[in-house]
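Participant:
Residue numbers (our numbering), protein chains in the order written: chain A, 269 to 587; chain B, 3 to 526.
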């Protein structure tokens with residue numbers, strides 16, 4: 269078991285290093301010039317050249333890469349070329365905001381998606397089943413920015429139940445910001461809207477597939493009640509793909525929900541990454557990429573550990 | 003019957019949400035509430051240059067001069083008086099007696115000298131220092147061979163002179179811009195790398211808090227040079243507010259002004275609504291020109307007839323429609339709001355038949371295919387698409403290359419020889435016609451991406467530019483504009499009108515230095 273964990277950890281580090289390296293090379297190859305983006309279109313070339321020299325942008329790719337890696341392993345991700353802030357500090361400030369939004373969005377997805385999925389599976393072809401099918405189509409088809417803007421207009425302006433965007437924090441986390449939990453509800457609902465239908469569809473298929481398994485038939489033959497079969501046998505197995513999805517989904521959400529963050533004015537990691545890319549702010553791009561890759565790799569590791577706990581077959585293989 | 007637990011929780015959540023929004027909506031009366039879509043990257047006046055960072059730096063800093071209330075003349079600000087020598091080479095400023103930074107320390111002429119020298123120090127990495135490069139001794143200071151700028155002389159505690167290498171008559175206007183704002187040495191030293199977000203100057207407000215990406219707040223500067231100003235006790239700037247949402251927030255009474263211009267899509271709705279149309283605040287600065295550059299070094303665009311033909315191939319009324327009426331067709335490069343504009347120029351008549359005939363007589367027959375570079379700005383893209391259709395109608399096929407701004411700048415600045423046509427725009431830093439000719443149309447001008455060069459025009463420009471501000475200068479520039487239009491180095495498209503959106507309670511003005519007059523803003 270320990271050996272398995274160690275193996276996975278080393279693998280995770282290699283993946284993170286690989287992602288960092290590939291990203292660094294890609295950013296280096298990107299057309300454009302970070303110094304010019306900092307100085308703006310009107311600064312004379314001499315000024316831009318001075319900035320390039322100050323930031324070491326004239327050095328070759330290997331020199332810049334080794335310098336980046338050397339600093340990164342010591343926890344120094346450099347300073348943003350856009351606003352001069354230390355990247356690590358900027359990322360650390362924004363991570364809680366994104367975690368909060370991601371968890372709120374995921375909660376909405378699961379709170380809506382799982383019950384809908386179960387009901388749809390138990391009554392295939394019913395009204396609620398057709399409703400989830402339509403909802404998932406709608407959820408996937410309408411762009412989030414449109415849903416976000418319409419939701420803000422309806423529930424922030426026409427019927428002002430929620431604030432018109434802005435950064436909210438759950439009061440139990442002393443994270444700063446001017447908002448309240450009310451700022452979080454609407455973005456979480458918009459974020460959860462499309463995801464919920466997706467979870468419902470996955471869970472529905474999974475339940476229907478497992479319902480035809482021999483052990484379910486056996487359980488039924490033993491005389492177990494429908495509720496007991498659902499709770500003890502069906503759901504426990506049918507939720508496995510959902511758990512995998514949660515891991516991937518959460519990792520994606522942590523990587524940044526640019527559109528939702530932009531529409532609602534939430535200063536999360538996604539918006540940070542987007543601004544960095546537009547300004548060719550290499551240190552900040554690398555900082556956000558590193559965070560996202562650590563989130564993805566870390567959550568995958570966590571999901572695998574969760575599988576060990578949930579599914580005895582995986583436990584055997586790991587051993 | 004008691005509600006079920008789920009229903010109860012849901013109702014509780016909604017109640018909390020409503021209460022919170024009510025609490026959030028409750029604002030202190032005398033606080034100026036500002037919105038910005040962009041996260042403000044800096045308030046350092048020597049580093050700022052964007053639409054949102056210049057007005058932000060003007061919250062905390064001010065310079066020696068500023069525009070008067072009518073936006074017709076420059077008046078002293080931190081200075082009590084100023085004068086320009088007859089030859090245009092020496093600018094003398096005398097500071098007001100007892101004028102102070104917000105910290106309470108007196109501002110002296112040594113502060114003025116230090117502040118201007120700071121702009122040129124390598125570590126400041128100032129992108130706007132070029133505006134003052136004409137000061138004598140600047141080149142030696144930049145290359146390190148001098149430890150001070152010889153052209154900036156401290157005469158006494160309150161008097162400082164700037165001596166130029168050559169006359170630059172528009173220089174006095176540049177003193178009103180953020181690069182001319184006075185920055186105290188001790189604040190820069192104390193803040194170190196964080197000075198961008200730790201402003202301290204002599205402007206109307208002092209920093210209270212700066213939460214990156216979230217908000218900036220400030221309180222009134224009790225040592226402001228004008229007694230009784232600013233009117234507001236403080237300000238709160240919320241960051242990351244999408245422009246359309248910002249307008250809704252202002253309409254809903256949650257905010258007073260957005261630093262972002264009213265988006266094109268929102269403009270018709272606001273103009274049509276009598277209840278809110280008066281809340282549009284036209285920008286006094288930001289005089290601009292949208293134009294399409296020809297690479298004048300390649301065939302067939304080295305031929306003025308071809309360039310003129312393409313000017314009359316464009317339906318400018320259609321372009322104005324695309325911009326929802328928020329623009330005026332351009333006859334030449336100088337916006338009508340800028341002195342020196344030639345008001346006698348004839349509008350370009352849309353005439354595709356004549357354009358085709360002109361092209362044919364210039365040897366351009368069917369089948370000419372060229373590339374047009376444009377950035378991904380949605381307005382630019384819409385304009386580009388109209389141009390593509392108009393040019394196709396006269397037999398010129400234009401292939402659009404749309405790239406993000408970083409790549410756009412990289413291409414136009416570093417690979418000008420690869421260009422054929424470029425669609426772009428220029429916003430004047432200050433309202434003087436030299437700010438168009440010098441960078442954009444002079445031989446070797448730093449933004450003359452089409453490499454247009456006419457020695458006779460350069461001569462006309464030099465003569466016009468040697469005149470001090472006054473009728474002779476404006477008349478001479480008017481002639482320069484007529485000569486430029488004759489050469490047609492660009493397709494002159496339109497001058498956009500930009501607006502801020504303000505709350506119904508706020509009275510505020512904008513000035514030609516592209517700033518907002520924060521200190522004079524009041525409640526109706």
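Just so you know, even glycine gets a beta-carbon here, dropped at the ideal spot from N, CA and C. In this text the structure is predicted, and so the values were computed from the model without any measurement.
1) Check this for me: beta carbons of residue 408(B) and residue 548(A), under 8 Å apart or not?
2) For the stretch 155 to 183 of chain B, which segments carrying the beta strand (DSSP E) assignment without a break, of at least 3 residues, lie completely within its bounds, in sequence order?
3) Can you tell me where the alpha helix (DSSP H) holding residue 593(A) begins and where it ends?
4) Just how far apart, CA to CA, sit residue 399(A) and residue 466(A)?
5) Hey, residue 468(A) and residue 385(A) are a contact pair by Cβ (cut 8 Å); roughly how many whole angstroms apart?
6) How is the beta strand (DSSP E) around residue 472(A) delimited, first residue to last?
7) Assuming residue 444(B) and residue 460(B) make a contact with CB atoms under 8 Å, what is their CB distance in whole Å?
8) Put residue 234(B) into one of helix, strand or coil per three-state DSSP.
9) So the candidates are 387(A), 553(A), 352(A) and 433(A); which of them puts its Cα closest to the Cα of residue 290(A)?
10) Would residue 380(B) count as contacting chain A if we go by Cβ distances under 8 Å?
11) Cβ closer than 9 Å: which chain A residues qualify as neighbours of residue 195(B)?
12) Expressed to the nearest angstrom, what Euclidean distance is found between the alpha-carbon atoms of residue 527(B) and residue 317(A)?
13) Taking the alpha-carbon positions, what's the residue 495(A) to residue 487(A) distance?
14) Mind checking who residue 309(B) pairs with in its DSSP beta bridge?
15) Assuming residue 232(B) and residue 206(B) make a contact with CB atoms under 8 Å, what is their CB distance in whole Å?
16) In this structure, what does DSSP give as the bridge partners for residue 539(A)?
17) Would you tell me roughly how many angstroms separate the C-alpha atoms of residue 226(B) and residue 522(B), rounded to the nearest one?
18) Within the same chain, show all residues whose beta-carbon is closer than 8 Å to that of residue 284(A), passing over the 5 residues directly before and after it, in chain order.
19) Would residue 512(B) pass as an interface residue toward chain A - the criterion being a Cβ-Cβ separation below 8 Å?
20) What does the alpha-carbon distance come out to for the pair residue 450(B) and residue 328(B)?
21) Whose C-beta lies closer than 7 Å to the C-beta of residue 571(A) among residues of the same chain, with five residues either side of it excluded?
22) So residue 1(B) is in the alpha helix (DSSP H); what residue range does that whole segment cover?
23) In three-state DSSP terms, what is residue 65(B)?
24) Whole alpha helix (DSSP H) runs in the stretch 32 to 108 of chain B with 4 or more residues, listed along the chain?
25) Where does the unbroken beta strand (DSSP E) through residue 284(B) begin, and where does it stop?
26) Given a cut-off of 8 Å, decide if residue 383(B) and residue 421(B) are closer than it, judged by their beta-carbon atoms.
27) 8 Å is my cut-off, CB to CB: does residue 432(B) come that close to chain D?
28) Buried or exposed for residue 351(B), please, with buried defined as at least 16 other CB atoms from any protein chain shown within 10 angstroms of its CB.
29) From the beta carbon of residue 244(B), is the nearest beta carbon of chain A less than 8 Å away?
30) Between residue 378(A) and chain B, is any beta-carbon pair separated by less than 8 Å?
31) Tell me which same chain residues have a C-beta within less than 7 Å of the C-beta of residue 462(B), skipping the five on either side of it?
32) Count the other CB atoms within 10 Å of the CB of residue 36(B); is the residue buried (16 or more) or exposed (fewer)?
33) Using C-beta distances below 8 Å, list every residue in its chain close to residue 350(A), excluding the 5 sequence neighbours before and after it, in chain order.
34) For residue 216(B), which residues in the same chain have their Cβ closer than 8 Å to its Cβ, ignoring the five residues on either side in sequence?
35) Answer with yes or no whether the minimum CB distance from residue 438(A) to chain B is below 8 Å.
36) Does the distance from the CB of residue 98(B) to the CB of residue 81(B) come in under 8 Å?
Facilitator: Looking at the coordinates:
1) yes
2) 161 to 165
3) The requested residue 593(A) is not part of the displayed model; chain A covers only 269 to 587.
4) 12 Å
5) 4 Å
6) Per DSSP, residue 472(A) belongs to no beta strand (DSSP E); it is in the alpha helix (DSSP H), 450 to 479.
7) 6 Å
8) coil
9) 553(A)
10) no
11) 347, 352, 353 and 354
12) Because chain B here runs from 3 to 526, residue 527(B) falls outside it and cannot be looked at.
13) 12 Å
14) None; residue 309(B) has no bridge partner.
15) 4 Å
16) Paired residue(s): none; residue 539(A) is not in a bridge.
17) 12 Å
18) 558, 561, 562 and 565
19) no
20) 27 Å
21) 511, 512 and 515
22) Any question about residue 1(B) goes unanswered here, given that chain B covers just 3 to 526.
23) strand
24) 55 to 62
25) 282 to 284
26) no
27) This model lacks chain D altogether; the protein chains it does include are A and B.
28) exposed
29) yes
30) no
31) 481, 482 and 485
32) buried
33) 305, 306, 543, 544, 547, 549 and 552
34) 240, 241 and 242
35) Per-residue confidence for residue 438(A) stands at a pLDDT of 49, beneath the threshold of 50, marking its modelled position as unreliable; no derived number is given.
36) yes
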